[in-house]
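Trainee: I'd like to ask some things about the structure below.
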Amino acid sequence: MHLAAQAGVRYAMKNPSSYVHSNIAGFVNLLEVCKSANPQPAIVWASSSSVYGLNTKIPFSEKDRTDQPSSLYAATKKAGEEIAHTYNHIYGLSITGLRFFTVYGPWGRPDMAYFSFTKDILKRKPITIFEGPHHFSVARDFTYIDDIVKGCLGALDTAKKSTGSGGIKKGPAQLRVFNLGNTSPVPVSKLVNILEKLLKVKAKKIVLPMPANGDVLFTHANISLAQRELGYKPTTDLQTGLKKFVRWYLDYYTPTGKKICADLVRGAKDKRLRVKGPVRMPTKVLHITTRKSPCGEGTNTWDRFELRVHKRVIDLFSSPEVVKQITSITIEPGVEVEVTIADS
-12 MHLAAQAGVR YAMKNPSSYV HSNIAGFVNL LEVCKSANPQ PAIVWASSSS
38 VYGLNTKIPF SEKDRTDQPS SLYAATKKAG EEIAHTYNHI YGLSITGLRF
88 FTVYGPWGRP DMAYFSFTKD ILKRKPITIF EGPHHFSVAR DFTYIDDIVK
138 GCLGALDTAK KSTGSGGIKK GPAQLRVFNL GNTSPVPVSK LVNILEKLLK
188 VKAKKIVLPM PANGDVLFTH ANISLAQREL GYKPTTDLQT GLKKFVRWYL
238 DYYTPTGKKI CADLVRGAKD KRLRVKGPVR MPTKVLHITT RKSPCGEGTN
288 TWDRFELRVH KRVIDLFSSP EVVKQITSIT IEPGVEVEVT IADS
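The opening residue of the sequence shown carries number -12 in this note's numbering; numbering runs sequentially from there.
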């Protein structure tokens, strides 16, 4: 399986040679090695929904024209599909191309909208939302990573053997291309609304006309072929997928329990606040009174954060006591806790 590539529509305008080098020359290098192997391997590789370019027929079907790429990135992926056809025809390589539709989820690309929006919303920075002519809402067929993985496995499981050997074709070989999407385009504005609710932070939105950078106004996958041939069946809607992503993001990028403890110690050392962790706990902390965190219920970020109060442990989920004196400490990104400090 070949998933390596230079991805992203906008960066292609700044560094086109990187895209040609990785997505075309790199793919050819791989095919050259595979054609000469004995036996030849079957190849499954990542194409892109961007090959549909300026296509206005929806949903996008594998039978639709793909000769109007709107970006250099799309052109390199289209070139890859044509090169795959050539190596299949001449050398008997079994090749399956997968056209991914806006893949999102944990460990995703930080430059993608859902990822950068999450980061900026938590930091209270404005986010830019693009719209088309006449205030047309930009929409994407967001597809969760787990569903994409299932599609990839289906392609691997159904790939037939190559028919060549040592660079010599011995018969016709399998050549396929499939859409892997979610079949449910969602406006980017709705994506932002979901993130606001999950993060419990209101986004500062700047709405601008879409620039001429090669991005398209919408994507919408027809997956009937993948359903029939690969058994592909996406099951994750955007609300569920973003909830999983936000949970991962907060666990990965916000401080862990120990880090929070250490920051609290540093932030309130003038009041002799100490927190359970690498040092022993005196009894200066009276209560934890409020939890203000974008983590939400069910995340791990706060699970092990505890304060010992007069020989008993109180965690951040169960301390609504009334307080006498409150000190607020903010821990980036967007995490705020309030604790009561005993008088010195």
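Glycine included, each C-beta is placed from N, C-alpha and C at the ideal position.
Using 10 angstroms around the beta-carbon of A(-6), count the other beta-carbons present and answer buried if the total reaches 16, otherwise exposed.
Mentor: Position 7 of the sequence shown holds residue -6. Burial call: buried.
Trainee: Flag this pair as yes or no: are the beta carbons of K147 and G79 separated by less than 8 Å?
Mentor: The count along the sequence shown starts at 1 and reaches residue 147 at position 160. The count along the sequence shown starts at 1 and reaches residue 79 at position 92. Not in contact: K147 and G79 (Cβ atoms no closer than 8 Å).
Trainee: For I70, I'd like the list of residues in its chain whose CB is within less than 8 Å of its CB, leaving aside the five on either flank, ordered along the chain.
Mentor: The residue you call residue 70 lines up with position 83 of the sequence shown. Correct list, in chain order: I11, F14, V15 and L18.
Trainee: Does the distance from the C-beta atom of V136 to that of S34 stay below 8 Å?
Mentor: As a working note, residue 136 is residue 149 in the sequence shown. As a working note, residue 34 is residue 47 in the sequence shown. For V136 and S34, no; Cβs fall outside 8 Å.
Trainee: To the nearest angstrom, how far is the alpha carbon of D8 from that of E49?
Mentor: As a working note, residue 8 is residue 21 in the sequence shown. As a working note, residue 49 is residue 62 in the sequence shown. The amino acid at residue 8 is misidentified as Asp; the sequence shows His. Answer to the nearest angstrom: the Cα atoms are 26 Å apart.
Trainee: Excluding the five sequence neighbours on either side, which residues of its own chain have a C-beta within less than 6 Å of the C-beta of Y239, listed in chain order?
Mentor: Counting from 1 along the sequence shown, the entry for residue 239 is found at position 252. Cβ neighbours of Y239 beyond the five flanking positions: none.
Trainee: Excluding five sequence neighbours on each side, which residues of the same chain lie with their C-beta closer than 7 Å to the C-beta of P172?
Mentor: The residue labelled residue 172 in the question sits at position 185 within the sequence shown. Counting only Cβ-Cβ distances below 7 Å, and skipping sequence neighbours, we find A126, R127, D128, F205, T206 and H207.
Trainee: Going by DSSP, what residue range makes up the beta strand (DSSP E) through G84?
Mentor: For the purposes of this step, residue 84 is identified with residue 97 of the sequence shown, where counting begins at 1. From DSSP, the beta strand (DSSP E) with G84 extends over I82 to F87.
Trainee: To which residues of the same chain is P320 closer than 7 Å at the C-beta, ignoring the five residues directly before and after it?
Mentor: Sequence index remark: in the sequence shown, residue 320 carries index 333 (1-based). Bear in mind that a pLDDT of 38 at P320, under 50, signals an unreliable position, so the model cannot answer this.
Trainee: Under a CB-based cut-off of 8 Å, is A199 close to chain D?
Mentor: Included in the structure is just one protein chain, with no chain D present.
Trainee: Leaving out five residues before and five after I181 in sequence, what residues of the same chain have Cβ atoms less than 7 Å from its Cβ?
Mentor: Start at 1 with the first residue of the sequence shown, and residue 181 comes out as number 194. Closer than 7 Å at Cβ, skipping near neighbours: L225, Q226 and L229.
Trainee: Counting only the same chain and skipping the five closest in sequence on each side, list residues whose C-beta sits under 6 Å from that of G218.
Mentor: Counted from its first residue, the sequence shown places residue 218 at position 231. Hits under 6 Å: G141.
Trainee: Looking only at DSSP bridge pairs, what is T341 linked to?
Mentor: This structure cannot speak to residue 341, because the chain is shown only from -12 to 331.
Trainee: Closest to N200 by CA distance: which of Y131, F102, I30 and G40 is it?
Mentor: For the purposes of this step, residue 200 is taken as the residue at position 213 of the sequence shown. That would be G40, whose Cα lies nearest to the Cα of N200.
Trainee: Going by DSSP, which residues form a beta bridge with I45?
Mentor: The count along the sequence shown starts at 1 and reaches residue 45 at position 58. BP columns for I45 are empty, so no partner.
Trainee: Decide if N25 is buried, meaning its Cβ has at least 16 other Cβ atoms within 10 Å, or exposed.
Mentor: On the sequence shown, residue 25 is found 38 positions in, with the first residue counted as 1. When all chains shown are included, N25 counts as exposed.
Trainee: Is it buried or exposed, N166, if we count other Cβ atoms within 10 angstroms and call 16 or more buried?
Mentor: As a first step, residue 166 is located in the sequence shown; it is residue number 179 there, counting from the start. N166 is buried by the Cβ-count criterion.
Trainee: Using the three-state DSSP reduction, which class does I108 fall into: helix, strand or coil?
Mentor: Position 121 of the sequence shown, counted from the start, is the residue given in the question as residue 108. Helix.
Trainee: For T170, does the three-state DSSP call read helix, strand or coil?
Mentor: Locating residue 170 in the sequence shown gives position 183, counting from the first residue. Of the three classes helix, strand and coil, the one that applies to T170 here is coil, per DSSP.
Trainee: Less than 8 Å separating the beta-carbons of W32 and G84?
Mentor: Locating residue 32 in the sequence shown gives position 45, where the first residue counts as 1. Locating residue 84 in the sequence shown gives position 97, where the first residue counts as 1. Yes. Within cutoff.
Trainee: My output table needs one value for P196: the three-state DSSP class, helix, strand or coil.
Mentor: The count along the sequence shown starts at 1 and reaches residue 196 at position 209. Of the three classes helix, strand and coil, the one that applies to P196 here is strand, per DSSP.
Trainee: Please determine, among A190, M197, T145 and S152, the residue with the shortest C-alpha to C-alpha distance to M(-12).
Mentor: Sequence index remark: in the sequence shown, residue -12 carries index 1 (1-based). With distances taken between Cα atoms, M(-12) lies closest to T145.
Trainee: For P93, is the beta carbon positioned less than 7 Å from some heavy atom of the ligand SAH?
Mentor: Ligands in the displayed structure: none, and consequently the ligand SAH is not present.
Trainee: Considering only residues of the same chain and omitting the five flanking positions on each side of A351, which have a CB-CB separation below 6 Å?
Mentor: What the structure shows of the chain is the stretch from -12 to 331, and residue 351 is not part of that stretch, so it cannot be assessed.
Trainee: Find the nearest neighbour of I132 within the set F104, G92, S37 and L186, judged by alpha-carbon distance.
Mentor: Position 145 of the sequence shown, counting from 1, holds the residue named residue 132. Nearest C-alpha to I132: G92.
Trainee: Determine the burial state of K22: buried for a count of at least 16 other Cβ atoms within 10 Å of its Cβ, exposed for fewer.
Mentor: Along the sequence shown, one-based indexing puts residue 22 at 35. Buried.
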